[in-house]
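Asker:
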Amino acid sequence: MAASGDLQALGQLLRSRRERLRPSDVGLPAGSRRRTAGLRREEVALLANMSVTYYTFLEQGRPVRPSGQVLDALADALRMSGAERQYLRVLARGGQDGPGAGTAAAAAEWIDPEAVALVQRLEPFPTIVKGRRWDVLASNPSARELFADWDALPDGECNLVRWMFTAPLARTVYLEWEPEARAMLGRFRLAAAGHPDDPGFEALIEELKGDSAEVRQWWPRHDVMSVGSGSKKLRHPRLGALNYSHVVLQLADNPDQTLVTYSAAGAVG
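Under the working numbering, the first residue of the sequence shown carries the number 30, and numbering increases by one thereafter.
#1: Please return the same chain residues whose Cβ sits closer than 7 angstroms to the Cβ of R342, not counting the five positions on each side in sequence.
#2: Taking the runs of the beta strand (DSSP E) that are 3 residues or longer, which of them lie wholly in the segment 233–294?
#3: So A296 and S274 are supposed to be a Cβ contact under 8 angstroms. How far apart are they, rounded?
#4: If I measure Cβ to Cβ from L277 and keep anything under 8 angstroms in the same chain, skipping five residues before and after, which residues do I get?
#5: How many whole angstroms separate the CB atoms of S241 and T195, which I take to be in contact at a CB cut-off of 8 angstroms?
#6: When DSSP labels each residue in this structure, what does A59 get in the three-state scheme?
#7: What do you reckon, are the CB atoms on G229 and M254 nearer than 8 angstroms?
#8: How close, in whole Å, do the beta carbons of R114 and A104 come, if the pair is a contact with beta carbons under 8 angstroms?
#9: Within the continuous beta strand (DSSP E) that includes S168, where are the two ends?
#10: Considering only C-alpha positions, which residue in the set D282, S171, P197 and W248 is nearest to Y291?
#11: Exposed or buried, which one is R108 when buried takes at least 16 other CB atoms within 10 Å?
#12: Are the beta-carbon atoms belonging to L204 and K262 less than 8 angstroms from one another?
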(Lines of atoms letter the chains of each structure in order from A and count residues from 1; the text may use other names and numbers.)
(Lines give C-alpha, C1' and ligand atoms only; values in the text may rest on other atoms or scores of the structure.)
Protein backbone atom coordinates (compact mmCIF):
# COMPACT_ATOMS: atom_id res chain seq x y z
CA MET A 1 0.00 0.00 0.00
CA ALA A 2 1.27 3.44 -0.84
CA ALA A 3 2.26 5.75 2.01
CA SER A 4 -0.12 8.55 2.97
CA GLY A 5 2.15 11.18 1.43
CA ASP A 6 2.14 9.30 -1.88
CA LEU A 7 -1.66 9.02 -1.82
CA GLN A 8 -1.97 12.76 -1.24
CA ALA A 9 0.46 13.40 -4.10
CA LEU A 10 -1.51 10.98 -6.28
CA GLY A 11 -4.69 12.92 -5.59
CA GLN A 12 -2.96 16.22 -6.31
CA LEU A 13 -1.63 14.86 -9.60
CA LEU A 14 -5.06 13.66 -10.73
CA ARG A 15 -6.71 16.94 -9.76
CA SER A 16 -4.06 19.08 -11.46
CA ARG A 17 -4.28 17.11 -14.71
CA ARG A 18 -8.09 17.17 -14.61
CA GLU A 19 -8.07 20.95 -14.20
CA ARG A 20 -5.72 21.39 -17.17
CA LEU A 21 -8.04 19.68 -19.66
CA ARG A 22 -11.02 21.22 -21.41
CA PRO A 23 -14.03 19.13 -22.49
CA SER A 24 -13.07 19.73 -26.14
CA ASP A 25 -9.66 18.14 -25.46
CA VAL A 26 -11.34 14.79 -24.77
CA GLY A 27 -14.27 14.98 -27.17
CA LEU A 28 -16.90 16.11 -24.66
CA PRO A 29 -19.35 19.01 -25.10
CA ALA A 30 -18.55 22.09 -23.03
CA GLY A 31 -22.15 22.51 -21.85
CA SER A 32 -23.41 25.53 -19.98
CA ARG A 33 -22.97 26.89 -16.45
CA ARG A 34 -19.56 25.29 -16.16
CA ARG A 35 -18.01 26.43 -12.88
CA THR A 36 -15.26 23.82 -12.60
CA ALA A 37 -11.80 24.59 -13.98
CA GLY A 38 -11.11 21.92 -16.57
CA LEU A 39 -13.00 18.64 -16.49
CA ARG A 40 -15.48 17.62 -13.82
CA ARG A 41 -14.83 14.54 -11.69
CA GLU A 42 -17.86 12.88 -13.26
CA GLU A 43 -16.37 13.41 -16.71
CA VAL A 44 -13.03 11.84 -15.78
CA ALA A 45 -14.86 8.89 -14.18
CA LEU A 46 -16.90 8.45 -17.35
CA LEU A 47 -13.82 8.54 -19.57
CA ALA A 48 -11.99 6.06 -17.31
CA ASN A 49 -15.02 3.77 -16.99
CA MET A 50 -15.21 3.88 -13.19
CA SER A 51 -17.61 5.16 -10.56
CA VAL A 52 -17.50 8.79 -9.56
CA THR A 53 -17.19 7.71 -5.91
CA TYR A 54 -14.07 5.62 -6.60
CA TYR A 55 -12.44 8.40 -8.61
CA THR A 56 -13.29 10.91 -5.87
CA PHE A 57 -11.63 8.67 -3.29
CA LEU A 58 -8.47 8.61 -5.42
CA GLU A 59 -8.44 12.39 -5.77
CA GLN A 60 -8.98 12.79 -2.02
CA GLY A 61 -5.99 10.56 -1.21
CA ARG A 62 -8.12 7.84 0.40
CA PRO A 63 -6.38 4.50 1.20
CA VAL A 64 -7.45 2.64 -1.94
CA ARG A 65 -5.09 0.72 -4.19
CA PRO A 66 -5.95 1.02 -7.89
CA SER A 67 -5.02 -1.79 -10.23
CA GLY A 68 -2.72 -1.37 -13.18
CA GLN A 69 -5.75 -1.41 -15.45
CA VAL A 70 -7.35 1.43 -13.48
CA LEU A 71 -4.15 3.46 -13.61
CA ASP A 72 -3.89 2.97 -17.37
CA ALA A 73 -7.51 4.05 -17.80
CA LEU A 74 -6.91 7.19 -15.73
CA ALA A 75 -3.75 8.00 -17.67
CA ASP A 76 -5.64 7.63 -20.95
CA ALA A 77 -8.56 9.72 -19.72
CA LEU A 78 -6.29 12.52 -18.51
CA ARG A 79 -4.07 12.42 -21.62
CA MET A 80 -0.92 11.81 -19.57
CA SER A 81 2.54 11.73 -21.10
CA GLY A 82 4.86 8.76 -20.70
CA ALA A 83 6.67 10.39 -17.77
CA GLU A 84 3.36 11.28 -16.10
CA ARG A 85 2.17 7.68 -16.47
CA GLN A 86 5.34 6.46 -14.79
CA TYR A 87 4.91 9.02 -12.01
CA LEU A 88 1.28 7.93 -11.53
CA ARG A 89 2.32 4.29 -11.14
CA VAL A 90 5.13 5.12 -8.74
CA LEU A 91 2.83 7.18 -6.51
CA ALA A 92 0.14 4.49 -6.54
CA ARG A 93 2.67 1.84 -5.52
CA GLY A 94 4.39 3.90 -2.85
CA GLY A 95 7.70 4.00 -4.74
CA GLN A 96 7.80 0.23 -5.25
CA ASP A 97 8.07 0.64 -9.01
CA GLY A 98 10.86 3.21 -8.81
CA PRO A 99 14.49 2.52 -9.75
CA GLY A 100 15.56 2.40 -6.12
CA ALA A 101 12.78 0.10 -4.89
CA GLY A 102 13.99 -2.16 -2.12
CA THR A 103 17.04 -0.09 -1.22
CA ALA A 104 17.72 1.17 2.28
CA ALA A 105 15.94 4.46 2.87
CA ALA A 106 18.88 6.57 3.96
CA ALA A 107 21.86 4.35 3.14
CA ALA A 108 25.09 6.18 2.38
CA GLU A 109 25.72 6.26 -1.36
CA TRP A 110 28.76 4.44 -2.70
CA ILE A 111 30.16 4.60 -6.23
CA ASP A 112 32.22 1.87 -7.85
CA PRO A 113 35.86 2.99 -8.35
CA GLU A 114 35.70 1.60 -11.88
CA ALA A 115 32.89 4.02 -12.66
CA VAL A 116 35.04 6.87 -11.33
CA ALA A 117 37.92 5.67 -13.52
CA LEU A 118 35.64 5.57 -16.57
CA VAL A 119 34.62 9.20 -15.98
CA GLN A 120 38.28 10.18 -16.02
CA ARG A 121 38.98 8.17 -19.18
CA LEU A 122 36.23 10.08 -20.99
CA GLU A 123 38.23 13.32 -20.65
CA PRO A 124 38.12 15.73 -22.59
CA PHE A 125 34.38 15.09 -22.89
CA PRO A 126 32.61 16.64 -19.86
CA THR A 127 31.29 13.70 -17.85
CA ILE A 128 29.70 13.20 -14.45
CA VAL A 129 28.01 10.48 -12.44
CA LYS A 130 24.99 11.59 -10.42
CA GLY A 131 23.48 9.62 -7.57
CA ARG A 132 19.95 8.89 -6.42
CA ARG A 133 19.45 12.44 -5.03
CA TRP A 134 21.35 13.90 -7.98
CA ASP A 135 24.49 14.45 -5.94
CA VAL A 136 27.56 14.64 -8.18
CA LEU A 137 29.53 11.53 -7.22
CA ALA A 138 32.26 11.81 -9.86
CA SER A 139 33.35 14.35 -12.47
CA ASN A 140 36.27 14.89 -14.81
CA PRO A 141 38.21 18.16 -15.30
CA SER A 142 36.21 19.16 -18.39
CA ALA A 143 32.91 18.80 -16.50
CA ARG A 144 34.25 20.87 -13.63
CA GLU A 145 35.38 23.58 -16.04
CA LEU A 146 32.05 23.67 -17.89
CA PHE A 147 29.69 23.52 -14.89
CA ALA A 148 31.22 23.88 -11.43
CA ASP A 149 34.25 22.71 -9.49
CA TRP A 150 32.32 19.95 -7.79
CA ASP A 151 35.41 18.71 -5.94
CA ALA A 152 35.79 22.08 -4.21
CA LEU A 153 32.18 22.28 -2.98
CA PRO A 154 31.12 21.04 0.47
CA ASP A 155 29.38 17.65 0.36
CA GLY A 156 25.95 19.13 1.04
CA GLU A 157 26.22 21.54 -1.89
CA CYS A 158 27.58 19.10 -4.47
CA ASN A 159 24.14 18.51 -5.96
CA LEU A 160 22.96 19.23 -9.50
CA VAL A 161 19.47 20.41 -8.59
CA ARG A 162 20.69 22.64 -5.76
CA TRP A 163 23.34 24.13 -8.07
CA MET A 164 20.82 24.71 -10.86
CA PHE A 165 18.44 26.67 -8.64
CA THR A 166 20.76 28.45 -6.21
CA ALA A 167 24.05 29.10 -8.01
CA PRO A 168 24.10 32.32 -10.10
CA LEU A 169 26.62 30.62 -12.41
CA ALA A 170 23.98 28.11 -13.54
CA ARG A 171 21.97 30.89 -15.20
CA THR A 172 25.09 31.86 -17.15
CA VAL A 173 26.04 28.31 -18.17
CA TYR A 174 22.54 27.35 -19.34
CA LEU A 175 21.58 29.68 -22.19
CA GLU A 176 17.97 28.47 -21.89
CA TRP A 177 17.90 28.36 -18.11
CA GLU A 178 14.16 28.37 -17.41
CA PRO A 179 13.10 25.45 -19.65
CA GLU A 180 16.19 23.50 -18.60
CA ALA A 181 15.51 24.16 -14.91
CA ARG A 182 11.87 23.14 -15.29
CA ALA A 183 12.93 19.94 -17.03
CA MET A 184 15.53 19.15 -14.37
CA LEU A 185 13.02 19.66 -11.58
CA GLY A 186 10.55 17.39 -13.38
CA ARG A 187 13.14 14.63 -13.73
CA PHE A 188 14.19 15.04 -10.11
CA ARG A 189 10.54 14.84 -9.01
CA LEU A 190 10.14 11.52 -10.81
CA ALA A 191 13.30 10.23 -9.10
CA ALA A 192 12.11 11.43 -5.68
CA ALA A 193 8.78 9.62 -6.09
CA GLY A 194 10.72 6.35 -6.23
CA HIS A 195 12.17 6.99 -2.75
CA PRO A 196 9.19 7.93 -0.57
CA ASP A 197 10.92 6.79 2.64
CA ASP A 198 14.25 8.52 2.05
CA PRO A 199 14.46 11.56 4.38
CA GLY A 200 17.29 12.94 2.28
CA PHE A 201 14.91 13.69 -0.58
CA GLU A 202 12.39 15.38 1.68
CA ALA A 203 15.08 17.51 3.31
CA LEU A 204 16.52 18.57 -0.05
CA ILE A 205 13.09 19.44 -1.45
CA GLU A 206 12.26 21.59 1.59
CA GLU A 207 15.62 23.36 1.35
CA LEU A 208 15.06 24.06 -2.35
CA LYS A 209 11.61 25.47 -1.64
CA GLY A 210 13.14 27.77 0.93
CA ASP A 211 15.99 28.90 -1.32
CA SER A 212 14.31 29.17 -4.73
CA ALA A 213 11.18 31.08 -5.71
CA GLU A 214 10.98 28.99 -8.89
CA VAL A 215 10.89 25.71 -6.96
CA ARG A 216 8.18 27.09 -4.67
CA GLN A 217 6.15 28.04 -7.73
CA TRP A 218 6.75 24.97 -9.89
CA TRP A 219 6.78 22.10 -7.36
CA PRO A 220 2.99 22.12 -6.69
CA ARG A 221 2.33 21.62 -10.42
CA HIS A 222 3.53 17.97 -10.29
CA ASP A 223 5.28 18.33 -13.64
CA VAL A 224 7.51 15.34 -14.43
CA MET A 225 9.88 14.36 -17.23
CA SER A 226 11.77 11.20 -18.09
CA VAL A 227 15.55 11.14 -18.02
CA GLY A 228 17.03 10.81 -21.49
CA SER A 229 19.71 11.86 -23.93
CA GLY A 230 19.37 15.06 -25.92
CA SER A 231 20.98 18.43 -26.57
CA LYS A 232 21.57 21.67 -24.66
CA LYS A 233 22.87 25.16 -25.30
CA LEU A 234 25.66 25.87 -22.81
CA ARG A 235 28.17 28.66 -22.31
CA HIS A 236 31.73 27.38 -21.91
CA PRO A 237 33.96 29.76 -19.91
CA ARG A 238 36.69 29.71 -22.59
CA LEU A 239 34.95 28.61 -25.80
CA GLY A 240 31.74 30.60 -25.53
CA ALA A 241 28.19 29.52 -26.39
CA LEU A 242 28.08 25.99 -27.82
CA ASN A 243 25.52 23.35 -28.67
CA TYR A 244 26.15 20.16 -26.75
CA SER A 245 24.72 16.69 -27.24
CA HIS A 246 24.59 14.47 -24.20
CA VAL A 247 24.11 10.77 -23.51
CA VAL A 248 22.69 9.39 -20.25
CA LEU A 249 23.68 5.86 -19.19
CA GLN A 250 22.35 3.94 -16.20
CA LEU A 251 24.96 2.05 -14.16
CA ALA A 252 23.96 -1.62 -14.09
CA ASP A 253 25.33 -2.28 -10.60
CA ASN A 254 23.42 0.67 -9.13
CA PRO A 255 20.46 1.75 -11.27
CA ASP A 256 19.95 4.88 -9.14
CA GLN A 257 23.24 6.22 -10.52
CA THR A 258 23.59 7.60 -14.03
CA LEU A 259 26.57 8.66 -16.10
CA VAL A 260 26.08 11.75 -18.27
CA THR A 261 28.63 12.67 -20.90
CA TYR A 262 28.62 15.73 -23.18
CA SER A 263 30.18 16.50 -26.54
CA ALA A 264 30.28 19.87 -28.30
CA ALA A 265 28.29 19.98 -31.54
CA GLY A 266 29.19 23.44 -32.86
CA ALA A 267 28.68 27.07 -31.97
CA VAL A 268 25.23 28.37 -31.13
CA GLY A 269 23.82 30.08 -34.22
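Idealized CB from N, CA, C, for every residue including glycine.
Answerer: Answer, in terms of the structure:
#1: Outside the shown range of the chain, which is 30 to 298, sits residue 342, and nothing can be said about it.
#2: Runs of the beta strand (DSSP E) inside the segment 233–294: 259–265 and 269–280.
#3: Along the sequence shown, read from residue 1 onward, the residue named residue 296 stands at position 267. Along the sequence shown, read from residue 1 onward, the residue named residue 274 stands at position 245. The Cβ separation is near 14 angstroms, so there is no contact.
#4: Translated into positions along the sequence shown, residue 277 becomes position 248. Before going on, a small fix: residue 277 reads as Val here, not Leu. Apart from sequence neighbours up to five positions away, the residues of its chain that approach V277 with a beta-carbon distance below 8 angstroms are V256, G257, S258, T287, L288 and V289, ordered along the chain.
#5: Along the sequence shown, read from residue 1 onward, the residue named residue 241 stands at position 212. Along the sequence shown, read from residue 1 onward, the residue named residue 195 stands at position 166. About 6 angstroms separates the beta carbons of S241 and T195, which is inside the 8 angstroms limit, making them a contact pair.
#6: As a first step, residue 59 is located in the sequence shown; it is residue number 30 there, counting from the start. Coil at A59, not helix or strand.
#7: The count along the sequence shown starts at 1 and reaches residue 229 at position 200. The count along the sequence shown starts at 1 and reaches residue 254 at position 225. Not in contact: G229 and M254 (Cβ atoms no closer than 8 angstroms).
#8: The residue you call residue 114 lines up with position 85 of the sequence shown. The residue you call residue 104 lines up with position 75 of the sequence shown. Beta-carbon to beta-carbon, R114 and A104 are separated by about 5 angstroms, close enough to satisfy the 8 angstroms threshold.
#9: Walking along the sequence shown from the start, residue 168 turns up at place 139. Start and end: V165 to S168.
#10: Reading the sequence shown from its first residue, position 262 is the one you call residue 291. Distance check between Y291 and each of D282, S171, P197 and W248 places S171 closest, using alpha-carbon atoms only.
#11: Stepping through the sequence shown from its first residue, residue 108 is reached at position 79. With fewer than 16 neighbouring CB atoms inside 10 Å of its own CB, R108 falls in the exposed class.
#12: Locating residue 204 in the sequence shown gives position 175, counting from the first residue. Locating residue 262 in the sequence shown gives position 233, counting from the first residue. The answer is yes: Cβ separation under 8 angstroms.
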